[in-house]
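Here the structure is laid out as structure tokens; the discussion comes afterwards.
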Amino acid sequence: MYAVSQEDVELMLIEDPLRNQKNLGIIAITLATRYAIEGNLPPDIPFAPPV
Numbered sequence: 096m097y098a099v100s101q102e103d104v105e106l107m108l109i110e111d112p113l114r115n116q117k118n119l120g121i122i123a124i125t126l127a128t129r130y131a132i133e134g135n136l137p138p139d140i141p142f143a144p145p146v
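Per our numbering, the sequence shown starts with residue 96, numbered consecutively.
Okay, structure coming up:
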């Protein structure tokens, strides 16, 4: 598991609220992707067309 300390989070956050939200979104997508890969998610699930 990957952990980020509180000090690192404080350093990552920027004064601009929009940039901050974008950064948090990037972090969330990165973590979700990383865990999906580590969990051996079959590739046909994320690339399946919506029904």
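Beta carbons are placed, not taken as given, at the ideal position from N, Cα and C, and that holds for glycine.
Reduced DSSP category for residue i - H, G, I as helix; E, B as strand; rest coil
i: LEU113; result: helix
i: LEU136; result: coil
i: ALA127; result: helix
Distance between residue j and residue i (C-alpha atoms, nearest Å)
i: GLU110; j: TYR130; result: 29 Å
i: ASN115; j: THR125; result: 15 Å
i: GLU133; j: ILE122; result: 16 Å
i: PRO144; j: ASN135; result: 20 Å
i: ASN118; j: PRO112; result: 10 Å
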